[in-house]
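Read through the structure below, which is laid out as structure tokens, and then see the notes.
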Ligand code: NCD
Ligand code: ZN
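In my numbering, the protein residues as written are 6 to 357.
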């Protein structure tokens, strides 16, 4: 197989950042993806529907001429988010979900939620108005080991939440453990998960053996290989509630290569070649299209895209550095090459 034409995919978990970064991050995604769930962890965070709509307009200004790109917007939940904020989101044109960051769990999560129980009326309104809940599933208790934070969140927070609000549609984002796979499998039709390329491709040895490699550091942190295997097995099985979310999250080189480095891997420019290589290595290339382009829309209750993209069996060389405005970024797998490439001349991909 030398080329692969699939339905134009969507990225169900993406950090585009803001300002001049958008002129790079938006085309990097829109070259391959039609829609993206745009994470709201800006500084300050996107907490209101009108802020989300204004952010979307800034994003749209960076979409290259002739490309279709439809950013799907997300509100950042805080302890102050009210049911009225949810109504405004549900009534807005482009906000489809709210993101739960336990306060302090990850990059720019300081304004996140400290007491989820106090937010029950807000979550009930989300259930009623069909606004999805997207979750960064890690506890922040300093006594809980960083490798156990996802499982602990599932046990302590998610299981009770799931049974309290059975009709709320929940996506557990960027899952990293066999515990998360089992939870989502058994949680029923209203629970799904996104999977990143880096968590499918790597385990914690990639980050820690032979030297500490900050460009593999993301949250939730890479786990041991048995967890990676569970993620690979579930996507290779084609389970319909596990789909693509890159969690592409650029940080300037100085903030990654630092005594206290930031979490996040920048994968957007090479996302589809990365996933194609992963699925091919799993012997499941025939499952790539559903994972990338069909299962996400089905869970979000949206139509699949009508356009197509073409991937070619051709080397993609990932550069050592990328310039994003005045920032230098080291992309994920910098200096390495992939066996697949996105055919940027394939015109059907532009037609939506
Ligand atoms: C993300 C970021 O940099 O915004 N970082 C990460 O490691 N994934 C935030 C997030 O999704 O946790
Ligand atoms: Zn993220």
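All C-beta atoms, glycine included, are put in the ideal place defined by N, C-alpha and C.
Three or more Cβ pairs closer than 8 Å define a contact, and the segment 243 to 263 falls short of that threshold against the segment 311 to 322. Under the rule that a run must span 3 or more residues, the beta strand (DSSP E) segments found entirely inside the segment 165 to 249 read 175 to 177, 196 to 200 and 247 to 249. Here the segment 262 to 274 makes no contact with the segment 163 to 174; the two share fewer than three CB pairs at distances below 8 Å. Non-local beta-carbon contacts of residue 319 in its own chain, meaning distances under 6 Å to residues more than five positions away in sequence, involve 346 in chain order. The alpha carbon of residue 181 has as its nearest neighbour, out of 171, 190 and 199, the alpha carbon of 199. Residue 344: not part of any alpha helix (DSSP H); DSSP gives it neither H nor E. Look at residue 109: its beta carbon is at least 7 Å from all of the heavy atoms in the ligand NCD.
Pairing residue 323 with residue 336 gives a Cβ-Cβ distance under 8 Å. Between residue 205 and residue 234, the gap from beta carbon to beta carbon reaches 8 Å or more.
The shortest CA-to-CA distance from residue 185 to any of 151, 194, 161 and 156 is the one to 156. Judged by the Cβ position, residue 254 qualifies as a neighbour of the ligand ZN at the 7 Å threshold, a heavy atom of the ligand being closer than this. Judged by DSSP secondary structure, residue 323 falls outside any alpha helix (DSSP H); it is assigned neither H nor E. Remark: three or more beta-carbon pairs, one from each stretch, lie closer than 8 Å, so the segment 82 to 102 and the segment 119 to 138 are flagged as touching. Here residue 129 is actually not in contact with residue 225; their C-beta atoms are around 27 Å apart, not less than 8 Å. Relative to residue 351, the option among 316, 327 and 343 whose CA is nearest is 316. In terms of CA proximity to residue 115, 106 leads the group 187, 122 and 106. Secondary structure at residue 81: strand, using DSSP grouped into helix, strand and coil.
For residue 14, same chain residues with a beta-carbon under 6 Å away, outside a window of 5 residues either side, are 38, 297 and 298 in chain order. Under the three-state reduction of DSSP, residue 34 is assigned to helix. Counting the other Cβ atoms within 10 Å of the Cβ of residue 22 gives 16 or more, which makes it buried.
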